[in-house]
Structures are given as structure tokens and as C-alpha cells.
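1717 is the number that my numbering gives to position 1181 of the sequence shown; each next residue is one higher, with no gaps. For each residue, glycine too, the CB sits at the ideal point set by N, CA and C. The structure under discussion appears below in the form of C-alpha cells.
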Amino acid sequence: MLIMTTLKKIKAYCVFTSFKFISLEVINSYFKARGLLGEKISNVNIMLKIFESELKEACCILILYICCSYEFVKYLRQYINNTLGSVIEEETEKFTSAQNQFDGSGYDTLVQRVTKQTRESKEYREMMHALKNVMMVVVESLINKFEEDRMRNKELGSKTKKERQSGYYTDNGSDSDSSLNQSYTFMSQEQLQLLVERLDPIQPKEEKILRFYAKSFSSSPFNMTREVYTSLARHLELYFLSGEYSLRISAGLDVSNKDVNNLLKKVRLLNEYQKEAPSSWIRHPEKYMEEVVESTLSLLSVKHEPNHPDFLSPVYFLALLDIKAVWFKKWTHAHYSRTVVFRLLEKKYKSLINAAVQHCLDYFEFCKATVNTKSRVSDYSQQHCSDKQNFSYTGPELQYVYFVHSLCLLGRLLLYKQGQNLFPVQLKNKKDSVSITDLLVLFTQLIYYSPSYPKTALAVHTDSYSPASLVMEILQVFCDQTGCAAECLYADAVIDALLDPVQSLLNGTEVYVNCLETTLSDVADILARIAAVEDGLSLLLYGENEKAAKEDRPTAVHVIAQFTKKLLHDDISLLSGSKSSPVLKGAFIFVCRQMYRTCEGLQVLIPYGLHESIGEAWKKTSLLSERVPTPVTGADSTSSISLESKNILLWEETLLDALLNFSATPKGLFLLHSTGTMNDCVNFMFRSLSKKLQINEYEEFGNRVIVTQIAATPTGAVALQSSGFIKALVTELWALLECGNDDLRITQPKSTPVDPIDKSCQKPFLFLINLLSYPAVFELLNKQDIPNKPMYSLREVPTDIIDIIDRLIILNSEAKIHSLFSYEQSHIFGLRLLNVLCCELNTLLLLETQYKVSHILLTAQEENVTETSEGPGDFIIDGLSVERNHVLVRMNLIGGPQERILPLRVLDKGSDPYPWPMFSSFPLPKCYLAEVPRKAEFRQDKDLDKLLSLVKSPEKQTGWTEICRKQFCKVMKARPDIISGTILAELIENFVSHLSESRLDCFFSTGNSKAVDTDVKNESLSSVQQLGIEMTVRYGKYLNLLKGHAESALCFVLKNCEKFLKQQQRTVVSSLCCLQECYAGYDWFASSVFLIMSGDGEKTLTFLQRFSHLLVSAFLWLPRLHRSMHLPITTVESGIHPVYFCSAHHIEMLLKAELPLVFSAFHMSGFTPSQICLQWITQCFWNYMDWSEICHYIALCIFLGPDYQIYMCISVFKHLQQDILKHTEAQDLQVFLKEEALHGFRVSDYLEYMGSLEAIYRPMLLKDMRSIKVQNT
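If you want it as C-alpha cells, here you go:
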């Protein structure tokens, strides 16, 4: 079968090749018969040479198209088979006898070998002679028939006649490679004679040739245009290398010259094709594209002779026509063509890249010479400012055009890894090679030191062709490409070059830069783009190698911060008093903003006090803006408010926006408060968000994070309330929940929501959760009574949080129920919100003590029963009763993941859809209490005995503290379960006792005050603390840690603690609720220590008093620093606890470095790690971890240091990473983190990981933690 297939292919090939030769012979005979191959036809030899292959191919196709009928092909096939069949078979047998088996390549070799031998045979020559004679008769007959048809159709319109005379064929518009889509025809003797006359030397034959090229490019299929293009490129290459060409750069270029004009037209034809070809060459073999690319690069690489450095090479002409190298941009856009281009550049045409680099270097050398002569006008690029009708280019202008082309080409080249691999390049006149960094430094220097360039004849479009704008455009593109930026931009040398004039201005050195402020603003834009990316930010903060950073060489962040601060203080002599200075100031403030809105950036920038400088600048500007008249409606804007006033208002908003972005981090928010501009910033944010609401930009991640951070502080919550932000949020929620979308025409009834919370209300629900952290809840709800109106209008819309609680959660009257259009849906929304809020134990205590929420829910459950003749029947199981049951269990049970059982909020299939027992009175059913895990049997342990003997030893050896810590870690890793109960109490009691006696370890001085039982007998506790005591005792008894009289003992502890701490508190005048009285919340740490001490009040109080001397007390025991005299007054007045602006701040910073995916998930959700960590730490992980793990957390921080609180939270996030990513995708991360306990988390499992974090971060963290006493802000 293979041999038969081969024979058929060889015969078919012979038919085609034979017919092709026959066709050419017929055409030659045809022309000879009409006398057209004599002297006259010799005039078109040049054109025929150029188009030899195309004409032959076209003629073959032409004859085939006319003559190929079925009968003719059948006759020809039979004729060849009879004549050459035996020859083909004989040659085939000879080849296959030597090679019995052959693969695909062998098969092709067989075809070629047999075809060659057949065409060289005597039989083939005889057959061709005979066929030639036959074909002459056939063609003559066809021509005569065509002439008859033409004469009959002579009356056709002039348009048809013109088309017939204009060329050899007309095209049907197809770009395919099939001749069947094109119509060809012979020309008559008269037409051919006319064509010959038109190509006479007396006539402008160049024009005719160019027209032919143009027609070929526009109408031919790709394989033909490829031949046309390569032939034209080769023709130009030979021309530039020939002795005929003698143009020089120094002589300039006169475009009006006929020869130059024709040359430009030819190059323009190439350039037009270069820009169009990429759209179609993907559909053709790669070799076609490679031929086009190689012919182009070969032409552009034409070099001058060594003795002619002034040679005007082809690339100058291409640059004149395509100054921004658009052709190269299109060729490198797709990977398909880019690979070929870069491969050829690397292997054969690297000189093209070298020349471009060299020319950029030459231009920069010229610019430096200009600067040295203090000249502001460059002959290199600015002489062309004469009459617009001047069609000539000077030598310097030609050089500048080539420079722009080279710059754009190199900028595009460096975007891709393959292009970057072409570097470094070695230049002839330069000893060292030029690397990518060297080239980027050169680009950067061009921004500053190249002369400004006006829009002249070279810039007829709106694009700017000045070096600075071109380099800016390139660098901006680099910044947007992460991989390219990392390879090219992120280098100390490049950043130093960008900041070189800035450093000079700081040093007071004169800088010769055109349009200095504009240029500096552009550079600031690049720096801001770099700072917006993680790797770029790291480069600005720490340099290329953080570990090898030199102390004597400040990193970029320090230069930028110093310059920005001097700008704000108008402390730079060369720039002061300039009208455009606010633009420059705003540009560099924005660079700083990109850095200080991150935790690591803020840490570096804090010493510069930018928040103070920006705050002062805003206060000065706001005084000016108060004088700006309010715009009058209908009045001319130019008359009602001047341009200067508009600029003042814009500058004020710029400063407010800069201040607002400090609140993106916990410590930044703390610094913002110290400026006294919190309310103004929040008002500005609300106005901005209100405007963006109209264009659907409300969901911007950064804004949601800022709102969440602000809401985590008392001052922030009050500012949100006063700005109208909360009112707008509540109003929007009510519209979605109760009113629906009035803008939509209702064509069908609205479907009943399947989810507990409709999707339309999901985002406001999450926003409320973000907003209502405990500090916000306390400021917004403390001592606020529920309205409980006798009647509610259907049009009455809630406006604040107390209204939401009144209308959606505490539905204790018929009036409230009847005021809701969607009672069940709205009430479920309220119960879900209540469930999340109550996960924060302080919020739970506040709601329970002020509004008796549990009682109201129990009453609702009691009323939700079936009626029977015998009285109340079973509970009705519906959506509301299931939600209430879950909330009641959550609110009234304390315990970790293995200590309490929460009923599900879904119904099962089957006969018993809801197996969880409901209740309408306390106590809770026992099924919700998990069995208390049995205590592990105590076995003697050498390591534990050693640890106990160490902490009890009265003689403290050198390094005792460190020895105890190492031994503690050893026991924790080996047998963590035995560190509990009395052993744990004994360990921490003795260890803290020793530290409190050491002057080095004591951080706070508390005096000798000690509360006595008799002093606190008459003291009363708040209702929140009383309820907290009840919950603590109930939990302690469940754990078998407490016995009778535990409540009175815990009351004794809390009263003494309150009095003891009050002696160290400041008197503060503030409108914040949290600063009006005692600590706003329950003391969960003291209660935890009480349980560890098994309810021994005396031991608990003694421990706490000693513990209060230590630094760790500031972060474990939150009431310890409430209004404390140990804190600066500004810290106290802010109402922001150090756990938030120190611990939580560093948790976010470490999370970004250690678990970037988790950090990104938080950012996308609009939630913050600081808020959930503040909640965990405040309540000592109660309800999130089992009691044994809570004990380990406390022991860990006491023994190993306060920074372990941070490592602990990072470990929790590491444990939850997959769940966090999953719930971020489900858009309920906040709900998950607040509602779910930390299943499977064990402190001992992550002890080694925490140790690795300590090795990296401890010096920085402890330094910052120790600085809380003297916060210099």
C-alpha cells in the first residue's frame, strides 16, 4: 500500500511539474509569436527579475485555471502514465531495494529521488516536446475564443474596461492561499503593448513598480506578499550597499528630493506591511514569518563602512516613518512571532540592539555636554522650529529621530524575558558590557538631563516625543508588568538614579533640569507605582539586599521621606514660592502614602513624623479654604469661585486623603488620632464614598479595610456616627431588606429567598459585622435605651444601630412585627447579626445586661408552641425558632470546640428534621454540654521536676530566666498535657514572683499599694461584671475547677483589682464613653488566672499584683493599662489600647510576610486581622479554644515573652489558612472567624514554628512593645 501511494504521488507530482513547465513554454511561445520578447520587453527586465518566481507561479495558476477541466486532466494523466509509468516504477524499485523500510523522511526522499531521475530521463524530454506542440494549438485556440468573447462584450461600462486595462488580474478580497478565490485573465496584444509603453524608460517606472508593490501587498495572499516583501527588502538592502547610495547624516535629508521621496515610499511600503502582517501570519507556516522577519532585520542591520561613520542607514528611514517603532511592538506582541524575532536577534542580528544602545548612550553624552555648558536649548533635537513648509531634516534631527526609535525599541525589548536575555551587550567603544541595569540607569538619567522638546514638525500628533515623556511611558509600562519590573526596575542603581536630583536638592546642590517640578512629579509617579507592588516596596524600604544594607547609605524611603517633609515645610530654596508646588508636594506625599499604608512601611517612616507635617499643612490650608465662597447654583463657575480657590480646595482634599490613609494600619490609625483630624478625615471619606456610590465603586477593597480599622477604635466609631456614615449604611440596608429595589419594574413576583440572608443583603450584613467591634458597640450603645414605641409607621426607616436592634432583633411587641413587610426574613437577618455580635463576649454582656436579650428570645420560644386542649404543646420548628435556639445556646454556654455543642441551624431530611431540643427557660438541656475530658493521670516526669525545682529554687544562677524558658519549651513539646491545674499555677506563680523582684525585668513601677478585704467590701461591681462573674463561675464549675463560694471569691478579686489599678489611672476629660468610668468590659484575664488558681482569691490577687510589674501584663491583661499613668496622655485620650496599635499592628505585618495568601484574603474581604485578633486577645481566646489550650497560651506569654502573643495569632492563622481561603471565596470570612472555634489547634504543635518567628522578629517587636510608655508621636 505504501509503495502504491508513493507511485501515485510521484505521478501526480510529475503531472503538475510537467504541466508547469509546459505552461511556461506556452507563455514564452505566445510572447515570441507576437514579437514582444525583443528590445521593447527588455525594458522591464528589472521588474521581471524581481517578480520572476511570482510571475512563473501566477502563469502556472493562470493556465491551470483556464485549461483544467476534468477531460483535460484525465487525458494528461493517462498520457503521462503511458509515457513515464515504466520509468517511475523502475526508479522506485531501485530505491526501495536498497532501503526496504523507510519512515516519513524516507518517504519524502523517495518522492524527490524518483522525481529527479524521471525528469532527467530521455522519455520525459520527448514527452515534454510533444506536449508543447499540443499545448500551443490548445492555447492559440483559447486565445482566439477569448478575443471573440471580448469583442462581443465591448459595450460593457467604462469601469469594467478600466479594470481590465489596469493590471493582470482583479482580486475578490480573499486573503487565503488558494488560487480558486482569485480571477485571472490574459491581456490582449493591445493591452500588453500599452503596458510596455507605460514602462518605457522615459516614463517614471519607479512609480509603476511601487504601484505594483502596493497592489500586491493589498490584494495577494500571504505567501505571495511574503515573496514581494522579501524581494523589496532585499532590493533596498542591495541599494544601500551599492555605490549608487551616498546619503550622509550630516548633510541632512531633503524629503522633497525625488530619489529620497521614492526611497521613503519604498520603506513606507515595508513599514505598512510590517504593521499589518502580524494579524495574519499565525495562519501560515512559521517559515513564511521567519523570512519576513529575517529580511527586515537584515535590512536594518546594514552597516556603514569604517571610513564612513556618517552613513545614513536604512534604520533612519524606518525611524522617520515609524518613530515609536510600532512595527516592533506588533511583532513582539504575540509569543508566536516574538520567539522568532528574539531568536534571530540573538543569533544573527544582535548588532541591531547594540546600535540602538550605542545611539542612546551617544544622545545622553550629548545631553551631559549641554548641561555642562548650562545651555537650555539642544541643537540635537530643537533646531527644527522653522517654517512648517520646510520638508527637510537636519543631521541632528535625524539623529534624534533614530534616538526616539531606538528608545522605544529597547523599551519594548526589555518587557520580555527573551529580550532581557539579550543583555548584557558589548559595545565596540566601551570596555565594560552594558547590562539591563546600566540601560535603565541611562533611561532614568535621560528624564532629568535631556532637554525639553516642543511639539514641532516631529510631533504633529498629540503624543509627546520628548525624552522625558518617552522614558516615563516606558517606565510606567515596566511598572505594570510585575516580572519586567523585578528584572529591570528593582535595582538600587536605578532607584538611586531616579532620586539623584532629589538627593542633590536635599544637599542644597544646584540641579540643571528642565521643568524641574514637572520632572520631579513624573519621577514621583514612577516611585509610587514601584511602592504599590510588594517587591518594589521592599526595595524602597530595605534596598536590594536587606541583610547587606549599608548603614552609611540611606535607602530610598529615607530620601523620599526627608524630601517630602522639606517640601511640606517649604524648606527647599529652589522650589519655595512656586505656584505649582502643591502638585509636586502631592506627588511625593502619594509616594509616602503608598508606603505608610502598609505596616512595614509605616514602621520605617514613623521617625519622620509625616502625620504631623501633613496634619499641620492641612490645618493651614483649611484656614484658607474657609475663605473660599460657596459656589452659587446657576452662576458662572469662573466667577463664583476662582481657579486659585479651586486649587486650595483640591490641595486640602489631597492632604485629607493622605491623612486618611494612615488608618489603613492599626498604628497608623493611632497616629492619625494624635493629629486631631480624625473627624475631618472620616467626613472626607464619607463624602468620597457617597460620590463613588453613584458609579458603582463602593466595593473598593482599600476603603472597606480603612472603615474596618477605624471602627475598631472608640474615636473612629464616634467619627463614623457623626459623619453620617452609619446612618447611610443602615438606611441602605433597610431599603434592601424591607423595600427592595424600586427602580426595577416588577414583571413577576419576587422569589422567596432560599438563603437565611438574601444575597442582596449580604454585603450590608458583612459591613455591619466589620463595623460593630466591641469598642464601636460600646460607644454607640452604652446606656442607650431601646425605643420600644407603641406604634411604628411603615415609612419609618431606622437611622442608627439602636434602631436596628429595636426593629430587627428585639421584636417584643406586635407593633414591631406588623411594621415589617418581610417579618421572617428581616428577623432572621437580625438574629444572624445578633449571633455574630455575641461571639464577642464583652458585646454579649453589654446586650444582655442592657436589653435582656436572652429573656426576650426565651419568651418568643415559649410563645412559639402548638396549642392543644391540654395546654401548650410542642415547639413549632420553623426558621425563626431554629435561629433563636442556636443564639440562646451560644449566649449562655462558655466553652471551646470540645467543651460545648452548638445546635445546627439547618433541618435534616427524614422523620426527625431537627433533633436538637428547644427550651424556653433555664437551665439549658444537658445535651449541649460536652463531657469534661478526663484529666491525664499524673506520671513522674524528669523534665517537669527539673522545671519545678528551677522556679522554686531560692538561689537564682546567672541566666536563670533563659534556662527556665528552655526547660519550659522542652516540657511543652514533650508532654504539654501535664502543664495544667495546680502544676501550671505553681509554675507561673513562682516564675512571676522572681521576675517581679528583678529590677531588670520590672517594666512598671506600681508602688507598695495593696487592697485589703475590708477596703472593698462596700464597693459595687457593674452589671456587666456581675454577669461576667456568673458566666465564669458556671464555666469553672463545668471544668471542675471551682467549688462553693466561688462567686464571692471572684468578686473579691475583681474589686481589689479595680481599686489597685485605679491608683495608677489618670483623670481624663473626654467625651468617649470608654473613658468615663472603669474599664469598659469584663476582666477575662483576671478570671482566667482565678480559674488557674482553682478559685483561690488571695493567690489570684497576689499573682496579679506581682504580674502588673511586668511588660507582658500590658498585653495579656487589658484592664492593666486603662487610663494608665504609665502611658502618654495622647495614648490615654485616644482610648486605643496598646494591644491594638502594637500587637495587632505587628500581627498584620508578620501575617503579610509569613502568610501572604491569608493577608490578601483579609484584604479582599474588607476585614482586618487586627480586629479578630483584638477580640481573641481581649477575651483570652475564651469560646475559641479549650481550657487547656487557653492555659498554654497564658503560660507561653508569661514564660517566653509578650511577643509570643503575636506569634500565637500568626500560628492560628497558619492553622486556619485553607479555611480562610475557602471562606473568602464564599464571601463570609468575617462570619466564619467570629462564629467558629479553633478546631484542632494545639499550642504545642506550633511551638517550634513560633520559635522560628522569634528568631527573626523578636528584637523589633520587643523594642516596639517597650516603647508604649514613651510613645513619641
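CYS1716 sits away from CYS1745, with the two beta carbons spaced by 8 Å or more. Around LEU1416, the same chain offers GLU1360, HIS1363, ILE1364, LEU1367, ALA1396, ASN1400 as residues with beta carbons nearer than 8 Å, after the five sequence neighbours per side are excluded.
Here GLU1403 carries a strand assignment [DSSP, helix/strand/coil]. No Cβ-Cβ contact shorter than 8 Å links ALA1194 with ILE1096. Put simply, of TRP817, ALA1466, GLU1082 the residue whose alpha carbon is nearest the alpha carbon of ASN759 is TRP817. The Cβ atoms of ALA1253 and ALA1200 lie no closer than 8 Å to each other.
Within the model, the alpha-carbon separation for ILE1066 versus ILE1242 is close to 22 Å. The region 859-873 makes contact with the region 807-822, as at least three CB pairs between them are under 8 Å. In the displayed model, GLY1564 falls within a helix according to three-state DSSP. At the C-beta level, PHE776 and VAL838 come within 8 Å of one another.
By the CB criterion at 8 Å, ASP1058 and ILE983 fall inside the cutoff. Taking 4 residues as the minimum length, the alpha helix (DSSP H) runs contained wholly in the region 1316-1376 are 1337-1340, 1350-1354, 1359-1373, in order along the chain.
Scanning its chain for C-beta atoms nearer than 7 Å, with the 5 sequence neighbours on each side dropped, one finds around LEU768 the residues TYR749, LYS802, LEU805, LEU806, in chain order.
A distance below 8 Å separates the beta carbons of VAL1218 and LEU1256. DSSP places MET1661 in no alpha helix (DSSP H); its state is neither H nor E.
Following the DSSP letters along the chain, one finds LYS1799 inside the alpha helix (DSSP H) bounded by residues 1783-1802.
Where CYS1024 is concerned, there is no enclosing alpha helix (DSSP H), because DSSP gives it neither an H nor an E. The DSSP assignment places complete alpha helix (DSSP H) segments of no fewer than 4 residues inside the region 1198-1280 at 1202-1210, 1214-1229, 1237-1247, 1250-1259, 1261-1270, in order along the chain.
Counting C-beta pairs closer than 8 Å gives three or more between the region 1520-1530 and the region 1730-1738, which meets the contact rule. Counting only unbroken stretches of 4 or more residues, no alpha helix (DSSP H) element lies wholly within the region 1421-1446. In this structure, DSSP gives PRO1408 an extended state, which the three-state scheme calls strand. Spanning the alpha carbons of LEU1520 and LYS1509 requires a straight line of approximately 15 Å.
For PHE1504, the uninterrupted alpha helix (DSSP H) run begins and ends at 1496-1510, by DSSP.
Between the alpha carbons of GLU1467 and ILE1515 lies a distance of about 21 Å. Here ASN1306 is buried: its Cβ has 16 or more other Cβ atoms, across all protein chains shown, within 10 Å. LEU1369 and LEU1394 do not touch by the CB rule: their CB atoms are close to 19 Å apart, not below 8 Å. Residue burial is scored here from C-beta neighbours: PHE902 has at least 16 other C-beta atoms within 10 angstroms and is therefore classed as buried. Per the coordinates, the alpha-carbon of GLY1631 lies some 15 Å from the alpha-carbon of LYS1591. Three or more beta-carbon pairs drawn from the region 1427-1437 and the region 1568-1586 are found closer than 8 Å, and the two stretches are therefore classed as touching.
In this structure ILE785 touches LEU934 by the C-beta definition: roughly 6 Å separates them, less than 8 Å.
Proximity to LEU976 across GLY947, ASN965, SER1584, SER1000 peaks at GLY947, based on C-alpha coordinates. With a 10 Å radius around the Cβ and a threshold of 16 neighbouring Cβ atoms, PHE1357 comes out exposed. For GLN1298, the enclosing alpha helix (DSSP H) stretches over residues 1295-1307. Under DSSP, TYR1450 forms no beta bridge with any residue. Between GLU1790 and ASP1739, the C-beta gap is smaller than 8 Å, which places the two residues in contact. One Cα belongs to GLU1315, the other to ASP1481, and the distance between them is close to 49 Å.
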